[in-house]
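A.B. asks: Structure in structure tokens, see below.
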Amino acid sequence: MHPNRKKLQDEMAKWQDDFEKRLTDCIGKRKLRSKNVISIDDLSKEEMDLIFDCTKLFKEFIVKPDRKMGLLKGTSQVNFFFEDSTRTRSSFELAGKHLGIDTINISKGGSSMDKKGETLNDTARTLDKMHADVIILRHSKAGTPQMIADQIKAAVISGGDGWHEHPTQALLDLYTILDKKGKISGNKVVIVGDIKHSRVAGSLIRALNKYDIEPRIAGPPTLIPFGLEKVFKCKVFYSLEEAIKGVDVIYALRIQLERAAGAEIPTVREYSKTYCINPARLAMAKPDAIVMHPGPINREVDLRTEVMDGPQSAVEDQVENGFACRLALLYLLLGGDRR
Amino acid sequence: MHPNRKKLQDEMAKWQDDFEKRLTDCIGKRKLRSKNVISIDDLSKEEMDLIFDCTKLFKEFIVKPDRKMGLLKGTSQVNFFFEDSTRTRSSFELAGKHLGIDTINISKGGSSMDKKGETLNDTARTLDKMHADVIILRHSKAGTPQMIADQIKAAVISGGDGWHEHPTQALLDLYTILDKKGKISGNKVVIVGDIKHSRVAGSLIRALNKYDIEPRIAGPPTLIPFGLEKVFKCKVFYSLEEAIKGVDVIYALRIQLERAAGAEIPTVREYSKTYCINPARLAMAKPDAIVMHPGPINREVDLRTEVMDGPQSAVEDQVENGFACRLALLYLLLGGDRR
Amino acid sequence: MHPNRKKLQDEMAKWQDDFEKRLTDCIGKRKLRSKNVISIDDLSKEEMDLIFDCTKLFKEFIVKPDRKMGLLKGTSQVNFFFEDSTRTRSSFELAGKHLGIDTINISKGGSSMDKKGETLNDTARTLDKMHADVIILRHSKAGTPQMIADQIKAAVISGGDGWHEHPTQALLDLYTILDKKGKISGNKVVIVGDIKHSRVAGSLIRALNKYDIEPRIAGPPTLIPFGLEKVFKCKVFYSLEEAIKGVDVIYALRIQLERAAGAEIPTVREYSKTYCINPARLAMAKPDAIVMHPGPINREVDLRTEVMDGPQSAVEDQVENGFACRLALLYLLLGGDRR
């Protein structure tokens with residue numbers, strides 16, 4: 627064996643053994659009650675804290691030169707994406723592989739559901755009979771992951787459904803706030819942009835509310851659902867300048883460019899003039915405010931490049947935290963006492 | 627190491643060791659003569675019995691909490707699907723991974739065959755030069771897998787070709803009959819629906835004939851090839867009620883909805899009125915008759931939901947048996963004395 | 627454990643241990659300076675020799691019955707193909723898996739780049755934050771892999787960009803010459819066909835020049851860039867008969883059939899009449915000349931079938947060498963002293 631590889635292997639075996647011990651200690655008697663993570667409402671505040679504690683540990687793992695642990699060896703994961711995705715699917719797939727899970731991908735194009743008219747239910751039951759342990763499901767129709775999860779033994783994690791929820795995004799977002807600010811509760815947060823069509827916002831507001839944060843919501847009236855303040859604890863602003871004042875966290879959503887020139891926003895240019903996070907607007911927030919975005923970013927529309935690439939941007943941290951968070955979640959759903 | 631994981635690992639190591647021993651004993655001096663499984667006619671009755679004996683063992687494996695065995699570690703499998711597939715591809719891919727095989731997927735869309743005009747032959751020879759051990763090939767043109775297999779060293783398993791054959795489907799179907807009825811020979815079987823365009827029927831009738839079963843074939847005259855009784859041992863009925871009387875096994879095929887309103891069937895509604903397996907028709911079969919279907923199912927057309935989800939349905943057993951059967955087949959083609 | 631498997635496992639453990647030792651000795655203090663392989667110009671002649679020395683060793687590995695080594699266990703590889711590919715992607719993916727790398731695929735269709743307007747840069751930075759170790763990138767736009775590589779930590783290997791370069795193809799091509807002829811320098815080489823739109827030719831001419839080979843270039847004037855002889859050391863011929871005389875190596879490029887009947891070539895038939903490598907033309911080269919082609923081949927247009935399948939063809943060797951070469955390259959970029 628190459629001496630470097632031998633050394634690395636010995637170090638990593640020791641480190642991983644210690645890591646598993648620390649992970650077990652960290653979890654203690656806590657566990658996730660639900661077999662699924664489909665809505666943020668599947669999780670209590672205590673369960674979210676558990677996920678964040680584990681995420682913190684997994685952040686040590688992902689920077690190691692050897693990222694293969696057999697913690698979930700012998701289990702299987704199906705990444706079932708009915709909408710295109712790069713970051714969510716890649717993140718889950720790599721996370722699964724690093725934990726020793728056998729992963730397979732099913733995408734809309736390659737499945738028999740389109741052409742052969744099979745119901746999604748029947749497909750999911752099929753996967754269940756192959757004893758898949760966890761299914762990561764992204765679907766354009768709100769409610770689909772829940773309907774599937776109710777019928778099968780396998781754990782289901784939503785990778786986003788319609789305009790409804792994207793719970794792992796909210797988890798990584800809150801973890802990023804925790805990591806950057808040292809705490810979640812007590813931060814002032816503004817969410818900017820297209821709330822109406824955003825599953826990210828759907829999960830994020832729910833999650834912030836659990837930590838007693840009432841986010842400010844800023845965007846054009848056409849992109850904020852009517853009566854939002856009656857459903858969630860939040861405060862709606864049509865002026866970004868007013869909303870951004872003194873906040874700790876600026877969360878810009880992605881504007882879907884294809885909506886421009888439709889009924890909902892006049893032009894992209896118009897939108898960006900009023901709602902793009904630029905240096906001047908950023909300066910109205912607290913001096914140590916962080917800027918977040920779920921990606922993919924429309925540069926110069928959602929965020930100005932100097933903001934995205936500037937020192938207050940937490941955008942790349944979000945990606946890294948998302949990776950760690952998905953490792954943690956897979957472990958909590960399939961590992962430890964669950965095995 | 628987490629105490630649960632340690633315990634699981636020790637138990638599984640012991641179980642797997644014993645499993646491999648039982649598998650080796652079960653196989654004994656038997657083997658598959660052909661390097662390929664392309665047609666049911668590649669297999670003698672004795673070889674099919676061998677596959678079923680191994681399938682029975684692998685059914686113990688697939689319900690274990692740790693489903694990773696290194697039996698075929700260091701080999702490689704290419705899933706080469708020129709037609710969309712969910713269950714066949716997923717089943718083969720997961721089976722391969724669970725046995726430690728390195729698997730890769732090639733689909734029509736991502737290959738250079740479409741756009742660059744490469745012949746399938748040349749692509750297969752290319753894979754052969756990467757020393758792939760087994761290629762799972764689904765193609766819309768009958769005869770393609772055989773043509774490929776003749777040119778390369780790698781084992782070829784057909785995942786279905788045109789209207790011709792789908793041998794692993796027939797294997798899992800017969801295993802399901804064996805499992806549910808305790809024997810294959812001696813059962814009365816009716817196959818219902820679109821025989822003409824069904825590769826499933828093509829392989830199934832061949833397989834049943836090997837076990838001296840002369841299946842009854844029921845469907846509209848337009849969907850049953852003329853002269854079928856001269857090619858295979860079977861008996862054609864145009865009345866499902868007549869055909870279903872007293873059978874042990876009802877095998878419904880999938881009607882391709884796009885054929886309706888064409889020359890072959892008048893309307894889906896008409897077809898389902900005459901040939902859908904509903905509770906009344908099921909009651910004409912033996913009281914302990916089982917209902918099978920290769921999937922994906924057109925609910926209310928091929929089968930009524932109460933039949934599919936009822937106690938006599940073996941549809942989900944078929945999926946599970948298919949998974950076990952593909953594990954067995956991969957092992958028989960690549961493992962044991964073949965290594 | 628099955629006695630054959632036990633025996634194989636013991637033999638392979640011993641062989642692999644010895645292999646790693648020989649590999650380490652072979653490499654010695656040499657290393658690749660660049661973290662990326664995007665252009666042949668990233669590599670000096672000495673570095674190419676290093677790759678070839680390792681390729682030679684890996685050719686022993688790829689014919690072994692157990693092709694799984696943990697040399698790069700715990701690293702991750704992203705195959706990011708924006709253009710369809712069978713052989714390049716399969717070759718890299720299998721190579722990665724055989725070395726124990728966790729590999730994932732991203733294709734144009736399944737990524738968020740198309741529909742969501744994300745920049746490629748942002749996608750690459752995303753993958754970087756998941757700590758991918760190497761990204762294999764094929765893109766239709768020349769220069770894209772370099773632009774990406776400059777922004778991220780991960781190693782980038784180009785799988786071909788536009789009409790620009792395809793460096794691993796040139797590496798396998800030169801290795802094939804070395805393997806068949808016992809040396810690279812000193813061989814007379816003719817490259818035939820569509821030079822203008824060929825990234826293969828772009829990299830191959832650069833690579834040959836490093837070994838002081840001035841290739842002859844043969845093709846219709848419309849398919850040879852004007853002034854080519856001023857950019858590279860080469861000699862242009864419009865008559866294939868003149869160019870092919872006495873050469874050691876005939877390298878036919880793929881003509882893109884869709885170019886025919888355009889401005890650049892009159893018809894495929896016309897092209898093939900003048901430039902297809904047929905037995906008569908092959909006979910004008912040295913008697914032991916070899917025939918190469920990057921694939922996929924247009925039979926009867928680029929090469930006549932009797933030439934492609936004849937004794938002088940090195941086409942299948944190229945595929946096999948490409949596989950070994952990619953194993954070597956991944957190891958040199960990620961293994962040994964780099965770990």
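Chains as they are written, first to last, in the working numbering: chain E, 627 to 965; chain F, 627 to 965; chain B, 627 to 965. Even glycine gets a Cβ: it sits at the ideal position worked out from N, Cα and C.
When the Cα atoms are used, what is the spatial distance from E709(E) to I839(B)?
C.D. replies: The count along the first sequence starts at 1 and reaches residue 709(E) at position 83. The count along the third sequence starts at 1 and reaches residue 839(B) at position 213. Cα to Cα, E709(E) sits roughly 50 angstroms from I839(B).
A.B. asks: Using beta carbons (cut-off 9 angstroms, strictly below), is G961(E) in contact with chain F?
C.D. replies: Translated into positions along the first sequence, residue 961(E) becomes position 335. G961(E) counts as touching chain F.
A.B. asks: Kindly list, in the order they appear in chain E, the residues whose Cβ is closer than 7 angstroms to that of T893(B).
C.D. replies: Locating residue 893(B) in the third sequence gives position 267, where the first residue counts as 1. Near T893(B) there are no residues of chain E at all, since even the closest Cβ is about 35 angstroms away, more than 7 angstroms.
A.B. asks: Rounded to whole angstroms, what's the CA-CA distance from K755(E) to F949(F)? Just pull it up for me.
C.D. replies: Position 129 of the first sequence, counting from 1, holds the residue named residue 755(E). Position 323 of the second sequence, counting from 1, holds the residue named residue 949(F). Using only the alpha carbons, I get a separation of about 8 angstroms.
A.B. asks: Does H724(E) get closer than 9 angstroms to chain B when you measure Cβ to Cβ?
C.D. replies: Taking the first residue of the first sequence as 1, we reach residue 724(E) at position 98. Yes, contact with chain B.
A.B. asks: Mind checking R751(F): buried by the 16 CB within 10 Å criterion, or exposed?
C.D. replies: The residue you call residue 751(F) lines up with position 125 of the second sequence. Answer is buried; the Cβ neighbour count reaches 16.
A.B. asks: Hey, is R751(F)'s beta-carbon within less than 9 angstroms of any beta-carbon in chain E?
C.D. replies: One-based indexing of the second sequence puts residue 751(F) at position 125. Not an interface residue.
A.B. asks: Can you confirm whether T712(E), when its beta carbon is compared against all beta carbons of chain B, has any partner nearer than 9 angstroms?
C.D. replies: As a position in the first sequence, residue 712(E) is number 86, starting the count at 1. Yes, T712(E) lies at the interface with chain B (some Cβ there is under 9 angstroms from its Cβ).
A.B. asks: Would I653(E) and L953(E) be called neighbours here (beta carbons separated by less than 9 angstroms)?
C.D. replies: Within the first sequence, residue 653(E) is the residue found at index 27, counting from 1. Within the first sequence, residue 953(E) is the residue found at index 327, counting from 1. Going by C-beta atoms, I653(E) is not nearer than 9 angstroms to L953(E).
A.B. asks: From H790(E), L698(E), R842(E) and L866(E), pick the residue whose C-alpha is nearest to that of Q772(E); which is it?
C.D. replies: Reading the first sequence from its first residue, position 146 is the one you call residue 772(E). It is H790(E).
A.B. asks: Between N947(F) and the rest of its own chain, which residues show a CB-CB distance below 8 angstroms, the 5 nearest in sequence each way excluded?
C.D. replies: For the purposes of this step, residue 947(F) is taken as residue 321 along the second sequence, with counting starting at 1. Answer for N947(F): T681, K685, L798, Y801, T802 and D805, listed in chain order.
A.B. asks: Please name the residue, chosen from P793(B), R895(B), V818(B) and Y897(B), that lies closest to V873(B) on a Cα-to-Cα basis.
C.D. replies: The sequence position of residue 873(B) within the third sequence is 247, counting from 1. Residue V818(B) is the option with its Cα nearest to V873(B).
A.B. asks: Does any C-beta atom of chain E lie closer than 9 angstroms to the C-beta of S702(B)?
C.D. replies: The count along the third sequence starts at 1 and reaches residue 702(B) at position 76. Yes, because at least one Cβ of chain E sits closer than 9 angstroms to the Cβ of S702(B).
A.B. asks: Could you spell out where the alpha helix (DSSP H) holding D787(F) opens and where it closes?
C.D. replies: Here residue 787(F) refers to the residue found at position 161 of the second sequence. Careful: D787(F) lies outside any alpha helix (DSSP H), inside the beta strand (DSSP E) at A781 to D787.
A.B. asks: What's the gap between the Cα of A581(B) and the Cα of T712(F)?
C.D. replies: As shown, chain B starts at 627 and ends at 965. That puts residue 581(B) outside it, with no answer to give.
A.B. asks: Can you tell me where the beta strand (DSSP E) with K861(E) in it begins and where it stops?
C.D. replies: As a working mapping, residue 861(E) is identified with position 235 in the first sequence. Residues K861 to F863.
A.B. asks: Comparing alpha-carbon positions, which option in L879(B), H628(B) and T701(B) lies nearest H592(E)?
C.D. replies: Outside the shown range of chain E (627 to 965) lies residue 592(E), about which nothing can therefore be said.
A.B. asks: In angstroms, rounded to a whole number, what distance separates the CA positions of D644(B) and G962(B)?
C.D. replies: Counting from one through the third sequence, the residue named residue 644(B) turns up at place 18. Counting from one through the third sequence, the residue named residue 962(B) turns up at place 336. Their backbone Cα atoms lie some 15 angstroms apart in a straight line.
A.B. asks: Would K859(E) and S670(E) qualify as a contact pair, given that the criterion is a beta-carbon distance under 9 angstroms?
C.D. replies: Within the first sequence, numbered from 1, the residue matching residue 859(E) stands at position 233. Within the first sequence, numbered from 1, the residue matching residue 670(E) stands at position 44. No. Outside cutoff.
A.B. asks: What separation, rounded to the nearest whole angstrom, lies between the Cα atoms of F687(F) and R631(B)?
C.D. replies: Sequence index remark: in the second sequence, residue 687(F) carries index 61 (1-based). Sequence index remark: in the third sequence, residue 631(B) carries index 5 (1-based). Rounded to whole angstroms, F687(F) to R631(B) spans 19 angstroms at the Cα level.
A.B. asks: Out of I876(F), V875(F), Y877(F) and T893(F), state which residue places its alpha-carbon closest to the alpha-carbon of L883(F).
C.D. replies: Position 257 of the second sequence, counted from the start, is the residue given in the question as residue 883(F). Nearest C-alpha to L883(F): T893(F).
A.B. asks: Below 9 angstroms between beta carbons: does that hold for I1039(F) and L879(F)?
C.D. replies: As shown, chain F starts at 627 and ends at 965. That puts residue 1039(F) outside it, with no answer to give.
A.B. asks: Name the chain F residues that come within less than 9 angstroms of T745(E), Cβ to Cβ?
C.D. replies: Residue numbering aside, residue 745(E) sits at position 119 when the first sequence is read from its first letter. What T745(E) touches in chain F: P922, I923 and R925.
A.B. asks: Interface residues of chain F around E932(E) at Cβ under 8 angstroms?
C.D. replies: For the purposes of this step, residue 932(E) is taken as the residue at position 306 of the first sequence. Those within 8 angstroms of E932(E) in chain F number zero; the least Cβ separation is about 38 angstroms.
A.B. asks: Taking the CB atoms as reference points, tell me whether V760(B) and Q795(B) lie closer together than 9 angstroms.
C.D. replies: Indexing the third sequence from 1 puts residue 760(B) at position 134. Indexing the third sequence from 1 puts residue 795(B) at position 169. No. Outside cutoff.
A.B. asks: Since M773(E) sits in a beta bridge, which residues does DSSP pair it with?
C.D. replies: Within the first sequence, residue 773(E) is the residue found at index 147, counting from 1. Partner(s): none; M773(E) has no beta bridge.
A.B. asks: Can you tell me the Cα-Cα spacing of I677(E) and L956(E), whole angstroms?
C.D. replies: The residue you call residue 677(E) lines up with position 51 of the first sequence. The residue you call residue 956(E) lines up with position 330 of the first sequence. Roughly 10 angstroms between the two C-alpha positions.
A.B. asks: Mind checking who R764(F) pairs with in its DSSP beta bridge?
C.D. replies: In the second sequence, the residue the question calls residue 764(F) occupies position 138. BP columns for R764(F) point to F707(F).
A.B. asks: What's the call for D776(E), buried or exposed, on a 16-neighbour Cβ count within 10 Å?
C.D. replies: By one-based count along the first sequence, residue 776(E) stands at place 150. D776(E) should be labelled exposed.
A.B. asks: Quick one: which residues of the stretch 686–701 of chain F get their C-beta closer than 7 angstroms to a C-beta of chain E? List them in chain order.
C.D. replies: Within the stretch 686–701 of chain F, the qualifying residues are I688, V689, P691, D692, R693 and K694.
A.B. asks: Determine the burial state of E637(B): buried for a count of at least 16 other Cβ atoms within 10 Å of its Cβ, exposed for fewer.
C.D. replies: Within the third sequence, numbered from 1, the residue matching residue 637(B) stands at position 11. It counts as exposed.
A.B. asks: Would you give the residue range spanned by the beta strand (DSSP E) that S975(E) belongs to?
C.D. replies: The structure shown does not extend to residue 975(E), since chain E spans only 627 to 965, so no value can be given for it.
A.B. asks: When DSSP labels each residue in this structure, what does I843(E) get in the three-state scheme?
C.D. replies: Counting from one through the first sequence, the residue named residue 843(E) turns up at place 217. In the structure shown, I843(E) sits in a strand (DSSP, three-state: E or B).
A.B. asks: Less than 9 angstroms between the beta carbons of H624(F) and E646(E), yes or no?
C.D. replies: An answer regarding residue 624(F) cannot be provided, because it is not within the stretch 627 to 965 covered by chain F.
A.B. asks: Indicate whether I876(F) and L908(F) have their beta-carbon atoms separated by less than 9 angstroms.
C.D. replies: Here residue 876(F) corresponds to residue number 250 of the second sequence, with the count starting at 1. Here residue 908(F) corresponds to residue number 282 of the second sequence, with the count starting at 1. The answer is yes: Cβ separation under 9 angstroms.
A.B. asks: Rounded to the nearest angstrom, what separates K694(E) and G921(E) at their Cα positions?
C.D. replies: The residue you call residue 694(E) lines up with position 68 of the first sequence. The residue you call residue 921(E) lines up with position 295 of the first sequence. Spanning the two alpha carbons is a distance of roughly 27 angstroms.
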